[in-house]
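Peer 1: For the protein sequence lines, the chains are P and Y, in the order given.
All residue numbers for the first sequence refer to the numbering used here, where the first residue is 46 and numbers rise by one.
All residue numbers for the second sequence refer to the numbering used here, where the first residue is 7 and numbers rise by one.
I have a structure I would like to understand better, so I am pasting it below and will then ask my questions one at a time.
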Amino acid sequence: MFKKYNLRSYNYALVTLVVITSIFGLLIINSADSSYTVKQAGGIVMALLWMTFLSFVDYHFILKYYRVLYILLVLLLVGVKLFGVSAGGATRWLGSGAFRIQPSEMGKLMLILFLAQLLYTNKGKLNSWKFLVFVNAILAVPLLLIVSQPDLSQTILLFLILFVVLYTAGFPYKKLGKIMMVAVPVAVGLFIYIQNPNQKLLKPYQWRRVMAFINPENYDDNVYQQKYAVQAIGSGGLTGKGLGNDDPSSLLNSNYIAEAHTDFVFAALGEQLGFIGSVIAIGLLAAIVFVCIYIAIKTRDYAGRLIVIGIASYIGFQTFFNIGVVTQLLPNTGLALPFFSYGLSSLITLYTSMGIVLNISLQNGQVKDKDLFISGIVDIEEVRDDEKKTHRLRL
Amino acid sequence: MKKLKNSLKSFFNNRVSVLIVVMAVLFSILVVHLFNLQIIRGNEYKQSLNSSIEKVISTPASRGRIFDRNGVLLAYDDIVYAVNISDSGSFKNKTEKNEAINNSIIKTLAILSKNGDKYTNTFGISYENGKYEYNVEGNTRLGFLRDCYGKAAISDLTDEQKNSSADELMKYMITNYQINTDKLSPDDLLELLYLRMNLTANSYTRYKPITIASEISEASIAAISENQNTFTGVTVDSQYVRRYNDSKYYSALMGYTGVVSTDQLDELRKENSSYDNTDLVGKGGIEEAFEMDLAGKKGEKQVYLDTVGRITEVIGETQSVAGHDVYLTIDSRLQKKLYDLLEEKLTEIVLAHLKESGEKYVYDSGGALIDLYILMPEVYFALIDNDLVSFDKLRNPTTDLEKSVNGRYEERLKEKTDWLSGELNGQGTNYKDLSDENKSYIWRAYEILTENKIIRTDLMNNEDPVTVKWNSGEDISFKAFIEHCITNGWVDLSEISDSQYTDLSEVYSKITSYITEKVKEDRKFCLNIFKYLIQDGTVSGREMCMLLYDQGYLQKDDYYNSLSNWTLSASDFIRTAMNNKLLTPGTLGIVPSSGAAVLEDPNNGQLLALVSYPGYDTNKLSGNMDVDYYNHISKNASKPLLNWATQAQTMPGSTFKMATALAGLNNGIIDPYTQIYCSGLFTEVTPSPRCSVYPGEHGNETVQTALRDSCNVFFYSIGYDLAKSKDGSYDSDYGTDILKKYTDDLGLSVKSGIEIPESTPKASDTNAIASAIGQGTAQYSCLNLSRYVSTIANGGKSYETHLVLKVTDNSGKTIKETNSVLSNEMNYISDTAWKAVHDGMILAVQHYKTFSGLESLKVAGKTGSSQVNKTIMDNGTFVSYAPYDNPEIALSIEVPNGYTSTYNAQSAAAFYEWYFKDFKNGANN
């Protein structure tokens with residue numbers, strides 16, 4: 046499982062970004078609720094060690110067990126169904142206390158790994174309807190289990206991540222177009238249908254959140270969390286009220302921001318550090334995403350590249366969803382802000398992902414997949430159309 | 007074009023670059039959105055943020071003081087200390103919070119009870135006879151359950167919760183609040199639950215503290231303040247409490263303070279928007295009438311609150327401004343003297359008419375009631391009827407005496423309910439053949455049926471011969487009448503049963519089972535049982551008197567010892583207790599038990615005394631009302647809550663004759679020398695109304711002697727002539743209209759203008775002849791009589807009556823002053839007419855035996871009595887002024903059912919003597 050690596054190609058930039066972002070996040074948690082600081086700091090230290098260890102583990106070794114990962118995930122999710130712990134009307138956790146885990150959080154990484162390896166072993170089949178149906182069916186199982194917890198936001202996020210992986214792997218545009226012709230009308234129909242109070246699709250709390258977003262005045266209870274968050278961020282202005290300030294007019298200090306150390310940590314950040322701090326935080330996260338994409342571009346290995354693309358979109362989309370919710374750009378969902386929110390499941394998933402990305406980056410140039418261009422990444426129909434162009438598309 | 011197409015194609019073919027663009031767009035959206043929120047709209051959010059977490063908390067102002075005309079303090083705000091609790095701490099978890107709050111409450115309660123301080127809160131559950139029971143019913147109970155279960159609305163309660171027993175609810179709350187009940191007394195537990203429930207209800211306005219106990223002792227203040235740090239959320243705060251000095255003398259005119267009612271709040275907000283629904287405001291009397299002056303200006307505290315309403319910082323504070331002081335025209339010495347005189351006189355009247363047993367009524371040969379005795383059993387019954395001996399305590403007996411008396415009561419109750427049931431299920435006895443006692447039970451049972459709308463009097467045909475028979479108590483049984491009601495469809499069972507009955511016997515048995523159950527809970531029915539227990543000696547007067555001590559109404563003293571060793575009889579005890587003011591006419595509630603006296607300065611309309619007897623302790627009603635005390639006084643037959651001086655109305659009787667005299671003199675019916683012959687009867691009309699001297703006669707009377715002798719015939723004649731004065735034929739309305747003009751101008755039949763509520767007076771509008779001697783339909787208060795006699799005293803100047811002299815600010819600077827307002831001057835009456843009336847009043851006083859030897863006081867006056875009916879004594883009135891050559895005070899006294907106005911004259915004589923001999927000399931020194 047270990048290989049000989051050239052430490053000069055170790056991606057120190059990504060490690061530095063991850064460490065800086067994590068410390069930044071820790072400072073915000075400390076100011077929001079200092080009772081979590083020690084736990085989170087300990088978690089970060091452990092996770093960094095774990096990440097470092099993983100960065101030297103050959104990811105192919107992990108990928109060998111891709112079927113095991115899939116089955117393990119499905120078993121965990123079924124376990125949640127059967128023995129899960131409920132909170133706030135949803136059953137998403139297994140175990141209790143410090144050993145409480147959220148399988149759907151780990152599931153993002155597990156499915157990325159699984160899908161990447163699945164596509165690698167089935168190179169060239171993306172153009173067949175049969176394979177597409179098979180892939181979709183096999184991915185639908187964990188997704189349906191998560192949506193039934195219920196956890197709509199994780200499901201949507203997972204769907205987007207997996208879609209990006211499939212897309213990058215070379216999902217044919219023509220097939221995509223055909224699917225869209227069916228999917229778009231269905232989606233529009235569903236959107237109209239769920240606005241009907243008697244709809245059967247969404248759980249009442251989900252429905253209220255969606256309706257609260259569409260029509261805030263009528264569903265005030267569900268939107269107050271976002272209202273206070275926006276007020277806090279807005280009142281932060283350019284420079285903010287200062288980290289760990291004791292300003293009595295601070296919403297954070299007056300306990301108006303619920304979940305200020307987890308899902309709404311960005312509200313605490315925005316209020317205390319203002320626009321400058323917010324942009325720095327977004328910049329750090331964007332940098333991590335783009336460094337990952339850069340690694341993907343550099344990666345010669347088919348599966349490795351898909352994994353990094355999946356992880357980049359996982360961090361990118363989750364960041365957008367979280368900050369979008371906190372700033373009332375999107376309906377209220379329960380997603381953590383990567384590297385900032387308190388929470389061990391999220392922490393472990395992120396650092397594991399980073400460890401794998403680092404290993405992929407480390408192996409750059411060592412792995413060469415000769416079939417890279419012919420098999421999946423490039424649309425086969427396109428190749429036939431324009432052989433010369435296809436060659437220019439080499440990465 | 008082709009180039010663009012190709013580059014687009016190549017872009018989409020490079021799928022990673024699509025992802026890069028998508029990510030770049032998403033991050034850009036976030037940055038742009040944040041730029042909009044924080045930079046463009048940043049200030050807007052800063053401002054709206056402040057207003058959404060800022061709160062202005064008002065602090066109460068000290069209410070203005072009330073003084074008498076000489077600056078004697080009558081009402082003021084005192085500062086007392088209350089121990090409060092608020093949910094202000096932050097805790098790691100629920101268990102820690104429960105432990106901290108429960109502990110600090112339990113420790114606080116321990117300190118309070120150790121120092122003898124009482125917590126006054128009332129929980130919806132109480133501990134009685136060893137078990138927990140609800141003490142609230144219906145919607146109040148549901149509201150209570152809603153609060154206990156922490157629901158927002160009654161509709162959120164499950165059926166199980168709605169029907170939970172007191173024990174189940176307690177169990178739920180004890181578990182929920184994690185209370186260790188081991189060392190808690192039931193009272194402490196209930197108080198703890200009360201506080202926890204209210205803290206929960208307050209969970210989003212935590213800056214509002216909940217009072218555990220107010221007016222706590224110094225020892226408790228010290229003990230709690232010392233432990234402030236360990237008692238989470240417990241604070242000792244100062245608060246204002248309204249105090250009244252010598253409150254019983256001023257209760258009716260003063261009013262008290264209490265939590266504002268919804269209606270009052272609407273009214274007050276129109277004038278001052280700072281009122282809110284927890285404010286204490288004036289209720290009745292000067293307190294209500296001068297609310298705007300007395301209230302002061304609330305202070306304000308601007309604070310920042312967190313989400314659960316805890317104060318995070320005080321930003322600014324403005325101090326409250328104390329209310330203005332009100333100075334009354336009342337002279338406290340005169341007020342007290344008149345009150346005491348009135349009480350002594352009522353005591354004297356009652357004592358003079360006490361009789362062990364025998365005939366109650368004494369009629370003259372013509373059938374008029376001339377005397378009325380108060381039989382001792384009535385007095386003993388009054389003790390329980392007016393709540394001096396508590397019927398409720400007696401029925402839940404704790405002492406041996408209570409148990410013994412209650413045993414006999416229970417036995418009789420069973421006997422009588424069995425009898426009633428037998429009466430209803432058997433043959434049924436004709437009402438008129440029943441004993442008086444049984445009649446009273448049957449009649450009460452009937453009243454219960456009509457009050458609960460089982461028998462619908464509104465459907466009843468009152469001309470129906472059977473109904474007439476029943477209503478006049480003739481030979482028809484209760485049973486027969488109920489059956490009659492059923493057959494006529496006057497019965498409505500919807501209140502007691504859901505089923506439909508058509509069969510007469512079914513309906514009848516439903517009613518009888520209802521009534522036999524209902525009477526056992528009916529206070530009136532049960533008291534009636536007790537009445538007859540006393541009347542037939544089953545419960546003795548001695549036992550009733552001893553219950554006064556036994557239940558703690560009186561403190562045990564020598565009389566108690568004498569009663570218990572049989573050396574003092576019950577009737578002697580009553581006499582002694584009344585003479586020593588242990589029992590007063592006002593508390594005993596034996597008629598006559600009430601009265602009014604008004605003392606006015608006839609030169610400006612200022613009231614020097616406005617006495618309503620009996621008074622009560624306004625201290626107990628003010629602020630957090632002592633509900634037991636309120637119920638106690640509102641049950642009393644003497645009606646302490648009524649202002650007997652301004653709101654009780656009677657016919658003026660012979661005191662009206664001055665008005666008739668003036669009308670007669672001014673209309674040329676008579677002149678000061680006209681003589682009218684009184685034969686004892688006024689024979690111009692039949693049936694001929696009598697003079698008071700009948701069957702004797704007064705002979706020839708002039709207006710002066712007629713006032714002296716209170717000759718009815720003389721004034722009948724004037725009334726008759728006034729009614730004929732239009733065209734020679736008798737027109738009663740014409741006569742009463744003329745009289746009304748004079749009474750209006752004299753200030754008798756118009757509102758007095760006093761600052762506190764007064765009843766609207768009503769001039770007589772029927773029977774000019776009877777109206778001329780103050781009978782008819784006239785209704786005047788003692789205050790009206792006072793203004794009337796003041797106008798007569800000063801020769802026709804009618805001033806508005808006033809109770810308030812001035813309003814000043816705290817530094818004593820006058821803000822408002824009441825000037826004397828001359829509302830009317832009767833210039834059209836000649837000096838000779840005035841002199842004739844004044845002379846008549848002087849002669850009258852000289853004629854009263856009670857004033858003999860007091861000629862130097864120069865009192866002019868007139869007695870009057872008005873008949874009510876043949877079973878109670880007449881109302882006695884007396885109006886007067888002195889000195890008659892230069893009037894400085896006018897005194898009016900009115901005692902409902904006061905036997906004879908001579909008693910009032912006696913009170914007045916005693917007052918004038920004291921006033922001119924002691925008071926004036928004292929004041930001059």
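All residues carry an ideal CB built from backbone N, CA and C; glycine is no exception.
Small disclaimer: the values here were computed from a predicted structure and weren't measured.
Given that residue 69 of chain Y touches chain P, what residues does it touch there, using C-beta distances under 7 angstroms?
Peer 2: Taking the beta carbon of residue 69 of chain Y as reference, no residue of chain P falls within 7 angstroms; the closest one sits roughly 33 angstroms away.
Peer 1: Note the first and the last residue of the continuous beta strand (DSSP E) segment covering residue 406 of chain Y.
Peer 2: From DSSP, residue 406 of chain Y is part of no beta strand (DSSP E) but of the alpha helix (DSSP H) over 406–431.
Peer 1: Quick one: what does DSSP say residue 921 of chain Y is sitting in, helix, strand or coil?
Peer 2: Helix at residue 921 of chain Y.
Peer 1: When we look at the beta-carbon of residue 171 of chain P and count the other beta-carbons within 10 Å, is it buried (16 or more) or exposed?
Peer 2: buried
Peer 1: Give me the chain Y residues within the contact set of residue 365 of chain P, using Cβ-Cβ distance strictly less than 7 angstroms, ordered along the chain.
Peer 2: Result: 32 and 36.
Peer 1: Below 7 angstroms on C-beta distance, what does residue 212 of chain P contact in chain Y?
Peer 2: 21
Peer 1: Would residue 288 of chain Y and residue 261 of chain Y qualify as a contact pair, given that the criterion is a beta-carbon distance under 8 angstroms?
Peer 2: yes
Peer 1: Please report how far the alpha carbon of residue 641 of chain Y lies from the alpha carbon of residue 530 of chain Y, in whole angstroms.
Peer 2: The alpha-carbon atoms of residue 641 of chain Y and residue 530 of chain Y are separated by roughly 12 angstroms.
Peer 1: Of all the options Y:542, Y:174, Y:230 and Y:402, which has the alpha carbon lying nearest to the alpha carbon of residue 91 of chain Y?
Peer 2: Minimum Cα distance to residue 91 of chain Y is reached at Y:230.
Peer 1: Hey, would you say residue 201 of chain Y sits closer than 8 angstroms to residue 216 of chain Y, going by beta carbons?
Peer 2: yes
Peer 1: Could you tell me whether the Cβ of residue 354 of chain P comes closer than 8 angstroms to any Cβ of chain Y?
Peer 2: Residue-level contact by beta carbon holds for residue 354 of chain P and chain Y, with a gap shorter than 8 angstroms.
Peer 1: Indicate the three-state DSSP secondary structure (helix, strand or coil) for residue 109 of chain Y in the structure shown.
Peer 2: helix
Peer 1: Do we get a CB-CB distance below 8 angstroms when we pair residue 301 of chain P with the residues of chain Y?
Peer 2: yes
Peer 1: Which residues share a DSSP beta bridge with residue 603 of chain Y?
Peer 2: Y:617 and Y:899
Peer 1: Going by DSSP in three states, residue 835 of chain Y sits in which element: helix, strand or coil?
Peer 2: coil
Peer 1: Between Y:264, Y:352 and Y:303, which lies nearest to residue 601 of chain Y when the distance is taken from Cα to Cα?
Peer 2: Its Cα nearest to that of residue 601 of chain Y, the residue Y:352 stands out among Y:264, Y:352 and Y:303.
Peer 1: Does any C-beta atom of chain Y lie closer than 8 angstroms to the C-beta of residue 413 of chain P?
Peer 2: For residue 413 of chain P, the predicted structure reports a pLDDT of 49, less than 50, and the residue's modelled location is therefore unreliable. The matter cannot be settled from this model.
Peer 1: Which class does residue 109 of chain P belong to by DSSP, given the choice of helix, strand or coil?
Peer 2: coil
Peer 1: Is the distance from the Cβ of residue 617 of chain Y to the Cβ of residue 345 of chain Y below 8 angstroms?
Peer 2: Contact check for residue 617 of chain Y against residue 345 of chain Y passes: the beta carbons are separated by less than 8 angstroms.
Peer 1: Does the Cβ of residue 22 of chain Y have 16 or more other Cβ atoms within 10 Å, making it buried, or fewer, making it exposed?
Peer 2: Answer is buried; the Cβ neighbour count reaches 16.
Peer 1: Residue 320 of chain P touches chain Y at which residues, Cβ-Cβ below 7 angstroms?
Peer 2: Contacts between residue 320 of chain P and chain Y, judged by CB atoms closer than 7 angstroms, involve 40, 41, 44 and 45 in chain order.
Peer 1: Chain P beta carbons: is any one of them nearer than 8 angstroms to that of residue 156 of chain Y?
Peer 2: no
Peer 1: So, helix, strand or coil for residue 1 of chain Y, using DSSP?
Peer 2: Residue 1 of chain Y lies beyond the range of chain Y shown here (7 to 931); nothing can be said about it.
Peer 1: Taking contact to mean at least 3 C-beta pairs separated by less than 8 angstroms, is the segment 245–257 of chain Y in contact with the segment 611–627 of chain Y?
Peer 2: yes
Peer 1: Which residues, taken in chain order from the segment 338–362 of chain P, show a beta carbon closer than 9 angstroms to some beta carbon of chain Y?
Peer 2: 338, 341, 342, 350, 354, 357, 358, 361 and 362
Peer 1: At a CB distance below 7 angstroms, what residues from the segment 273–299 of chain P approach chain Y? Give them in sequence order.
Peer 2: Identification of residues in the segment 273–299 of chain P having a C-beta nearer than 7 angstroms to some C-beta of chain Y yields 275, 276, 278, 279, 280, 281, 282, 283, 293, 294, 296, 298 and 299, given in sequence order.
Peer 1: For the pair the segment 653–668 of chain Y and the segment 681–688 of chain Y, tell me if three or more CB-CB distances fall below 8 angstroms.
Peer 2: no
Peer 1: Any idea what DSSP makes of residue 645 of chain Y, helix, strand or coil?
Peer 2: coil
Peer 1: Could you name the residues of chain P that residue 52 of chain Y contacts, counting a contact when the two beta carbons are closer than 8 angstroms?
Peer 2: 279, 280 and 282
Peer 1: Give me the residue from Y:199, Y:866, Y:424 and Y:138 with the minimum Cα distance to residue 172 of chain Y.
Peer 2: Y:138
Peer 1: Using the Cβ count rule (16 or more neighbours within 10 Å means buried), how would you classify residue 365 of chain Y?
Peer 2: With fewer than 16 Cβ atoms within 10 Å of its Cβ, residue 365 of chain Y is classed as exposed.
Peer 1: Taking only the alpha-carbon atoms, compute the straight-line gap between residue 299 of chain Y and residue 374 of chain Y and give it to the nearest angstrom.
Peer 2: 52 angstroms
Peer 1: Would the segment 873–883 of chain Y and the segment 901–913 of chain Y be scored as touching if the rule is three or more Cβ pairs under 8 angstroms?
Peer 2: yes
Peer 1: Starting from residue 706 of chain Y, follow the beta strand (DSSP E) in both directions and report where the run begins and ends.
Peer 2: 705–707
Peer 1: Please confirm if residue 318 of chain Y has its CB atom under 8 angstroms from at least one CB of chain P.
Peer 2: yes
Peer 1: Beta-carbon within less than 8 angstroms of residue 198 of chain P's beta-carbon, same chain only, minus the 5 sequence neighbours each way: which residues are those?
Peer 2: 366, 378, 379 and 380
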